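For reference, the structure discussed in these notes is given below.
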Amino acid sequence: MQKLLITFGTRPLAQRLSKLLQNKFEILFATSEDVPSFLSLNYAKIPTGVNPTYAHELLKLSLDRQIDYVLPLGQTEIGSIVEAKILFEEYGIQLLCPEKAMFQQVFVLENPNSSIELTLLLNGRSLNGEMDFKESVSGLFAISDRGDEIALCTI
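The numbering of the sequence shown is our numbering, which starts it at 7 and goes up by one.
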């Protein structure tokens, strides 16, 4: 089973995704937030997205844990890591976030309500359902009912 690393793992959105994707991926969590000691084994520690070593530390963790996909949920994380997307791909790790130009233009939906259907896309192809998107985008999105508009879902 392929491995998916989700950042901000302590947040409800990450936990919701874990339940949604548990039959398709082995889910691992990472967080820059404080975690109670009794839960620390469940969460890998990473720096914040604004830290200059963020991409390097996330790549190191991904290589150590043999991660196939990384889903950064924080906007600052996406902003930092989008520059390193090619580096991750050279090691066979897919970053599930939009390209820089798309990230600067796309509508962002923070902490989406649990009633909103989420679609995890890799180059426009759904990794968790059957609703693909016409454009080659990657990340966690809410797709409109008509299927012609998307919103990037973040923390």
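In this text, a Cβ means the ideal position worked out from N, Cα and C, and glycines have one as well. Being a predicted model, the structure only gives us computed values, none of them experimental.
Indicate the three-state DSSP secondary structure (helix, strand or coil) for residue i in the structure shown.
i, result
"Y97", "coil"
"R22", "helix"
"L102", "coil"
"E83", "helix"
"L124", "coil"
"S43", "helix"
"F147", "strand"
"F35", "strand"
Over the uninterrupted beta strand (DSSP E) stretch that includes residue i, give me the two end residues.
i, result
"A61", "Where A61 is concerned, there is no enclosing beta strand (DSSP E), although the alpha helix (DSSP H) it sits in stretches over Y60 to D70."
"A90", "It is not in any beta strand (DSSP E) - A90 carries neither H nor E in the DSSP assignment."
"L77", "Y75 to L77"
"T160", "I156 to T160"
"E116", "F113 to E116"
"L133", "Element bounds for L133: n/a, residue is neither H nor E."
"I12", "K9 to I12"
"K51", "Y49 to K51"
Among the options, whose alpha-carbon lies nearest the alpha-carbon of residue i?
i, options, result
"V112", "N119, C103 and L45", "C103"
"L127", "E116, A107, A157 and G98", "A157"
"G145", "K9, E95, Q21 and L124", "L124"
"L79", "F147, K66, E136 and E95", "F147"
"R152", "I161, T160 and F139", "F139"
"T160", "E105, Y60, N134 and L77", "L77"
"L69", "F44, I99 and T59", "I99"
"L93", "D40, A61 and E136", "A61"
Rounded to the nearest angstrom, what separates residue i and residue j at their Cα positions?
i, j, result
"L190", "I33", "An answer regarding residue 190 cannot be provided, because it is not within the stretch 7 to 161 covered by the chain."
"S24", "P42", "20 Å"
"Q81", "L64", "15 Å"
"R71", "A36", "11 Å"
"Y97", "D74", "9 Å"
"E141", "F44", "43 Å"
"V143", "E105", "8 Å"
"P18", "G130", "25 Å"
"F31", "E39", "24 Å"
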